[in-house]
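Residue numbers (the numbering used here), protein chains in the order written: chain U, 37 to 265; chain P, 37 to 265; chain H, 37 to 265; chain E, 37 to 265; chain S, 37 to 265; chain Z, 37 to 265.
Ideal placement from N, C-alpha and C gives every residue a C-beta, glycine not left out.
Below: the structure, in structure tokens.
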């Protein structure tokens with residue numbers, strides 16, 4: 037039977053703001069190229085960048101009832117993560133639900149389904165990552181789990197995990213890995229800053245990364261273009 | 037043989053401006069979740085919101101000849117609705133045709149095919165809902181029907197029906213249902229305004245909609261998260 | 037074995053600026069509706085419009101190593117064109133590579149694969165036409181060809197060809213055809229300007245293009261709508 | 037409110053057997069290239085060919101309740117046509133429902149959604165045209181219309197219309213057009229038989245259809261291949 | 037760093053044969069509509085039905101090296117489950133690898149990517165569920181995990197879990213749930229047998245499931261078709 | 037203006053039968069993983085395997101006129117290769133055209149568009165690789181090129197090139213490379229036969245290809261599964 041799990045630990049939430057600054061691509065690399073949700077999840081407006089602790093929510097196809105249940109479990113700094121139990125692109129979420137989430141301090145929504153009222157959501161600047169935009173609404177008939185471990189857009193997400201979302205997509209970091217991944221991400225950004233300066237100054241990646249010898253070993257040859265006849 | 041039907045009744049057109057304000061999601065709900073065109077039709081720029089009486093136009097794949105014929109049938113306050121007789125994403129429509137439609141006071145274009153010149157269309161702020169953006173143009177070889185009843189993106193549309201389009205998609209309201217649907221939509225918006233105020237003030241949907249008893253009856257249980265060991 | 041072809045002729049590059057002004061749809065028409073890349077390539081921000089001489093680059097799936105090699109072959113006024121040897125939507129390209137291309141004066145990137153760091157690329161206003169946006173990066177393991185003739189998004193592109201990209205898509209003009217196509221495109225634009233003025237003034241395409249007789253010959257008939265009963 | 041329409045006229049049903057023999061492609065041509073359902077509907081086994089009078093059925097996403105209601109309305113020689121009110125690929129239909137339809141003499145199922153138990157359906161040789169194969173079942177919560185006019189896979193279908201389905205797809209013929217279309221289809225098949233014999237004997241379509249002059253008028257030229265140097 | 041986990045527990049394997057008989061749709065229902073892999077995984081020939089203990093294998097895009105590593109971990113009665121770390125439809129698997137798996141008694145392959153040599157695999161009757169058929173092979177450059185917990189086609193699969201695959205798709209049952217789910221599935225099949233007999237005898241689902249009262253409560257009405265005028 | 041090129045060299049045709057035996061996957065590997073058409077081209081029945089010299093044919097969207105022109109250019113042992121100038125899935129080809137091709141000794145059809153009459157084509161055993169099955173036919177209005185170099189499903193094909201198609205897909209070998217590629221393919225098959233025998237006998241690929249050392253160098257580690265508690 038479906039359950040709502042309450043009092044989920046959120047200690048990783050204190051790292052969320054810094055994760056949001058580092059960005060999805062960097063965090064994804066920093067944890068060994070894992071945790072990226074499918075790229076079909078796109079922001080409804082750009083730019084947008086948030087991070088927060090996951091409240092997870094399953095919904096039946098064409099039925100958004102459990103989002104109402106999940107909202108009560110949301111707190112300041114959370115990101116609501118919604119996954120349908122069967123693929124569906126209906127508009128599960130609109131400006132009324134966004135008003136409710138905002139009143140609770142929720143940072144944004146990640147949903148592997150459709151949303152609507154996007155003009156209003158854009159005006160509110162409430163950030164949403166969704167699979168589709170669809171005006172067709174949903175019913176309220178079927179119960180499902182809130183705050184259990186789910187698979188959303190191909191990735192496992194547990195309640196309390198850190199979800200980071202920006203213009204490049206959405207990535208999840210397991211709650212217990214958050215400190216370690218954040219540290220690796222910081223180092224990566226620092227290294228990239230130095231590389232950017234060198235590349236902007238005209239240095240080639242071929243030289244900066246010392247690639248020429250290895251390319252030759254793999255058999256790459258340089259030849260001049262033949263003149264036209 | 038193909039026909040062009042002239043002197044189509046447009047009495048529902050007087051309601052168009054109010055429909056545009058109410059929006060696609062609201063109108064779709066207000067007529068019992070019917071009439072929504074497939075979500076593959078997207079606006080080429082956002083925000084955009086129009087409503088008007090449908091002039092319908094069939095086109096052959098890769099052939100936009102009938103759009104020229106349909107334009108003559110268009111009047112102030114119309115929305116031109118174009119559907120290919122076989123799926124096609126070529127660019128049937130560009131800035132010259134938009135200039136022609138605008139000179140006749142047409143509010144916008146809905147097309148289950150491709151369009152091009154979208155930089156110019158955006159600069160003109162001529163609103164278009166299309167299935168694709170594609171620079172490949174079309175020929176002018178084949179005749180087809182104008183102002184007959186068509187199926188566009190999965191919905192039946194008759195000439196003179198009201199077509200409403202915004203950032204969420206496109207919906208059609210049958211001419212004879214327009215008054216009734218408009219009235220239902222007005223009531224819905226009024227009710228939503230009150231709900232929005234309560235949700236913004238922090239009231240939960242669970243309480244506002246009185247859902248808790250029914251959720252329990254469906255078997256939903258609340259459990260506390262287990263502590264990590 | 038893979039090769040890098042150097043000293044590619046770029047004499048068509050002097051025509052690039054004018055091609056960019058004329059735009060993709062016009063150029064595509066002007067060369068007889070050939071050369072259009074698949075519409076799945078979309079700009080990561082709009083508006084965007086560039087043209088330049090192609091530097092071509094093959095990459096293995098999930099492997100962006102050859103982009104580093106290709107950058108060394110790029111010069112002021114080039115457009116880098118990247119095609120994977122097997123369909124892949126990973127994020128091959130981000131802001132560091134863009135910084136490197138910009139430092140060499142490259143006008144933009146066309147890639148039949150994914151890109152990332154799009155918030156940064158947008159802020160830099162470095163134009164990119166891509167098949168996907170995906171935060172997942174790539175490895176550097178496999179060598180492939182640079183500056184050989186490739187097929188990208190369904191079109192053959194040789195190094196030194198002119199690539200034009202704007203909000204409508206991407207088109208390629210063979211190096212040796214560039215003068216001729218440019219001339220045809222100029223004439224087309226001049227003719228369109230006159231047509232636009234007439235259409236804006238309310239003249240119908242049916243009359244301007246003298247279509248009525250041919251429509252009747254094809255069997256098109258005009259009938260009045262039947263009154264409702 | 038949803039309705040079930042009973043006592044639907046089925047007088048076109050007496051033509052069904054001959055329609056099945058003529059086939060979808062022929063019937064589609066014979067009624068002027070109209071009435072073809074989207075090609076996403078495919079038979080779950082091949083070869084398969086049926087025709088019958090339509091019983092129409094709407095279903096909510098992920099909810100097959102109304103199929104049970106529709107079955108009661110089915111009679112010998114009917115084809116059940118099911119369309120979801122929102123796109124859904126769940127498995128709405130399996131071997132138990134097929135057993136029930138077969139016991140009533142129903143010829144087959146056309147559904148713009150998913151089906152399951154296809155090994156059993158294949159063994160039973162119960163023909164089904166579906167959009168997807170998916171083991172995920174559905175609930176029974178939501179009522180919808182039976183035997184009203186629907187849009188299924190892009191085509192309008194009224195109860196009592198003739199639905200023809202074979203390895204090429206599915207086509208609908210309006211009840212009142214059935215005699216006329218059948219007659220046109222018969223003539224088409226007869227003409228094709230003669231053409232087939234001539235083509236098999238080696239005559240070219242170019243000559244049989246007398247195309248050479250018109251091709252030349254359109255500008256087609258013949259040139260010899262240049263010898264390689 | 038990537039690991040290969042050895043000596044995975046396989047005690048659920050003794051239940052595999054019975055699971056295969058019960059089938060994917062039944063097992064999916066019996067465990068509360070969970071565990072179904074995305075329907076994009078299809079058998080390369082039909083009919084096909086297997087079940088076995090999962091050996092899991094990650095592969096890089098365009099790189100099948102780890103399949104060789106995974107094969108050594110496979111034993112009689114296993115099903116090999118392969119997931120790419122980035123979406124890829126290349127042909128990772130062909131008849132040579134199938135010969136190797138068969139020599140070890142492996143029951144089949146589930147892969148969220150492409151396969152090739154399907155004529156030979158069909159002749160061998162080696163069952164494969166794949167996302168794509170593609171002749172393009174792969175390289176052997178990148179290491180990844182074998183026998184760790186993975187997400188494949190949207191579902192989490194741990195080594196030693198039971199994987200059941202047939203013409204309807206693929207479902208996973210967690211190792212520890214296998215006894216309980218098998219028991220529920222057996223009961224479901226027994227109940228279905230009785231229902232099938234009644235339906236074949238002409239009893240309606242409306243009566244057998246006692247639906248009429250609830251349909252009326254939901255507002256469903258029956259009306260007679262209006263006669264044509 | 038469109039041209040039909042006649043007297044195309046076909047000297048590579050004498051190698052076609054052996055190419056057909058070797059198969060698409062092998063030939064694709066043997067020419068360095070190039071030349072594979074997009075996997076969206078699938079055989080309409082299986083098994084099927086042919087090879088022959090390409091006669092190339094462009095067609096307008098929804099217009100199969102040029103197939104009639106191309107047939108006259110076909111000879112014993114050819115494969116007809118058809119590509120639309122704009123993406124289209126209409127049914128361009130059916131049993132009458134197949135009868136005509138067969139009477140000229142043509143081995144099969146490769147078409148990046150739709151076909152119909154597939155029950156008849158299957159009964160005739162006329163092999164076709166197509167992008168779609170669609171009953172909707174086409175018109176005969178627009179001329180295009182026959183026997184010029186085209187791009188079909190992402191690959192460049194020149195008339196006289198060898199096209200090989202089987203259950204895995206379609207590959208093209210340039211006319212001048214045919215001898216060399218055939219020789220490489222033969223060697224590959226011979227090597228595979230030996231490998232197959234060893235793998236069937238239980239030898240591991242890890243040992244046969246001597247992979248263990250390189251895997252360890254890349255950092256792969258073996259660990260035992262932790263016992264459940």
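Could you say which of the options lies nearest to residue i if we only look at CA atoms?
{"i": "residue 167/U", "options": "96/U, 78/U, 185/U and 82/U", "result": "78/U"}
{"i": "residue 73/U", "options": "160/U, 100/U, 37/U and 186/U", "result": "186/U"}
{"i": "residue 69/E", "options": "251/E, 201/E and 207/E", "result": "207/E"}
{"i": "residue 42/U", "options": "249/U, 196/U and 257/U", "result": "196/U"}
{"i": "residue 171/H", "options": "242/U, 71/U, 54/U and 219/U", "result": "71/U"}
Can you find the residues in the same chain that come closer than 6 Å, C-beta to C-beta, to residue i, ignoring five residues on each side of it along the sequence?
{"i": "residue 148/U", "result": "119, 167, 188 and 189"}
{"i": "residue 141/S", "result": "112"}
{"i": "residue 179/Z", "result": "38"}
{"i": "residue 46/Z", "result": "89 and 196"}
{"i": "residue 101/E", "result": "176"}
{"i": "residue 75/H", "result": "205"}
For a test of the three-state rule: what should DSSP assign to residue i, helix, strand or coil?
{"i": "residue 229/H", "result": "helix"}
{"i": "residue 111/P", "result": "coil"}
{"i": "residue 239/S", "result": "coil"}
{"i": "residue 152/U", "result": "coil"}
{"i": "residue 203/U", "result": "coil"}
{"i": "residue 141/U", "result": "coil"}
{"i": "residue 63/Z", "result": "helix"}
{"i": "residue 57/U", "result": "helix"}
{"i": "residue 73/H", "result": "coil"}
{"i": "residue 291/H", "result": "With chain H running from 37 to 265 in the structure shown, residue 291/H is simply not present."}
Can you give the Cα-Cα distance for residue i and residue j, rounded to whole angstroms?
{"i": "residue 52/U", "j": "residue 153/H", "result": "19 Å"}
{"i": "residue 106/S", "j": "residue 90/Z", "result": "41 Å"}
{"i": "residue 57/S", "j": "residue 88/S", "result": "12 Å"}
{"i": "residue 244/P", "j": "residue 237/P", "result": "12 Å"}
{"i": "residue 165/Z", "j": "residue 127/Z", "result": "13 Å"}
{"i": "residue 240/E", "j": "residue 50/E", "result": "39 Å"}
{"i": "residue 199/E", "j": "residue 95/Z", "result": "31 Å"}
{"i": "residue 145/P", "j": "residue 209/P", "result": "16 Å"}
{"i": "residue 132/P", "j": "residue 214/P", "result": "32 Å"}
Please go through the same chain and pick out, in chain order, the residues whose beta-carbon is closer than 7 Å to the beta-carbon of residue i, but skip the five residues on each side of it.
{"i": "residue 110/H", "result": "91, 116, 137, 140 and 142"}
{"i": "residue 175/S", "result": "98 and 99"}
{"i": "residue 62/E", "result": "221, 224 and 225"}
With hydrogens ignored, establish whether the beta-carbon of residue i is closer than 8 Å to any heavy atom of the ligand MG.
{"i": "residue 167/S", "result": "What this structure holds is no ligand at all, so the ligand MG is not there to describe."}
For residue i, which residues from the same chain have a beta carbon less than 8 Å from its beta carbon, with the 5 sequence-adjacent residues on both sides left out?
{"i": "residue 269/Z", "result": "This structure leaves residue 269/Z out entirely; chain Z is present only between 37 and 265."}
{"i": "residue 156/H", "result": "130, 131 and 134"}
Do we get a CB-CB distance below 9 Å when we pair residue i with the residues of chain C?
{"i": "residue 255/H", "result": "Among the protein chains of the structure shown, namely U, P, H, E, S and Z, there is no chain C."}
Taking the runs of the beta strand (DSSP E) that are 3 residues or longer, which of them lie wholly in the stretch 75-135 of chain Z?
Correct list: 86-95 and 114-120.
Please go through the stretch 153-225 of chain E and give each complete alpha helix (DSSP H) segment of 4 or more residues, from N-terminal end onward.
Runs of the alpha helix (DSSP H) inside the stretch 153-225 of chain E: 154-160.
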